[in-house]
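See structure below.
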Amino acid sequence: MCQTNEVSEYINNVETKWRDAFIELKKVIDQHIPSGFQMEMQYGVPSYVVPLSAYPDGYHCKQDTPLPFISIAAQKKHLAVYHMGIYADQALLHWFEDEYPHHMDTKLNMGKSCIRFTNPNKIPYQLIGELASKMTIMDWIALYEKNKRT
237 MCQTNEVSEY INNVETKWRD AFIELKKVID QHIPSGFQME MQYGVPSYVV PLSAYPDGYH
297 CKQDTPLPFI SIAAQKKHLA VYHMGIYADQ ALLHWFEDEY PHHMDTKLNM GKSCIRFTNP
357 NKIPYQLIGE LASKMTIMDW IALYEKNKRT
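In this note's numbering, each number is its position in the sequence shown, counted from 1, plus 236.
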């Protein structure tokens with residue numbers, strides 16, 4: 237997946253403690269995310285988005301903002317994976333919650349769409365890759381459209 241200069245700059249500025257894990261997390265998502273998503277900086281963090289060429293309505297009807305899907309961020313105390321699909325699709329959320337203990341011996345640290353990892357040596361890369369692969373760009377657009385109307 238192509239990486240902009242802004243994304244490269246973000247990665248270069250990630251705290252040393254988190255950098256290798258962040259790079260591996262991005263690499264795993266790059267390898268597993270279905271075709272069509274585009275990597276760019278959105279809301280200050282590297283994000284996989286639906287390009288405006290594929291969904292011109294944009295996010296919240298803002299034609300200049302691509303529809304976000306997955307973002308990854310290095311915070312001071314954790315790495316975060318923001319996956320809009322697990323926020324919008326209860327079945328996908330339940331799948332992830334059920335799978336997590338098969339990959340990790342730590343408690344799931346999660347918000348509505350945010351999965352937090354507080355130890356750079358304990359990240360379930362295989363599980364995150366599988367999660368990234370579960371929704372195509374067309375699946376995500378259809379789910380977003382369905383939820384937008386309700």
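Note that beta-carbon positions come from the ideal geometry of N, C-alpha and C, so glycine has one too.
Same chain, Cβ closer than 7 Å to residue i, five either side skipped, listed in chain order
i	result
leucine 329	Ile322
valine 286	Phe273, Pro302, Leu303, Phe305, Ile373, Trp376 and Ile377
leucine 367	His319 and Phe332
valine 250	Phe258 and Ala310
Residue j beta carbon less than 8 Å from that of residue i
i	j	result
leucine 363	leucine 315	no
valine 281	alanine 309	yes
serine 349	tyrosine 380	no
serine 283	serine 307	yes
methionine 275	glutamate 242	no
threonine 354	lysine 313	yes
isoleucine 269	serine 369	yes
Residue interval of the alpha helix (DSSP H) (run including residue i)
i	result
isoleucine 351	Not the alpha helix (DSSP H): isoleucine 351 falls in the beta strand (DSSP E), residues 350 to 353.
proline 337	326 to 339
leucine 363	361 to 369
Neighbourhood of residue i by C-beta, 6 Å cutoff - its chain only, sequence neighbours within 5 removed
i	result
tyrosine 406	As displayed, the chain neither begins before 237 nor continues past 386, which places residue 406 out of reach and without an answer.
tyrosine 388	This structure does not reach residue 388, given that the chain is present from 237 up to 386, and the question cannot be answered.
methionine 340	Pro360
glycine 365	Val264 and His268
Close beta carbons around residue i, own chain, < 8 Å, minus the five adjacent residues each side
i	result
glycine 294	Leu288, Asp300, Thr301, Pro302 and Leu303
tryptophan 254	Ala310, Leu315 and Pro356
Where residue i falls, given that 16 or more other Cβ within 10 Å makes a residue buried
i	result
proline 360	buried
alanine 257	buried
isoleucine 265	buried
isoleucine 351	buried
tyrosine 279	exposed
Closer than 8 Å to chain D by CB, residue i
i	result
histidine 314	As a matter of chain content, chain D is missing from the structure shown, which is built from one protein chain.
Can you give, in chain order, each stretch of the beta strand (DSSP E) that sits fully within the stretch 244 to 320 and has at least 3 residues? 274 to 278, 281 to 286, 303 to 310 and 315 to 319
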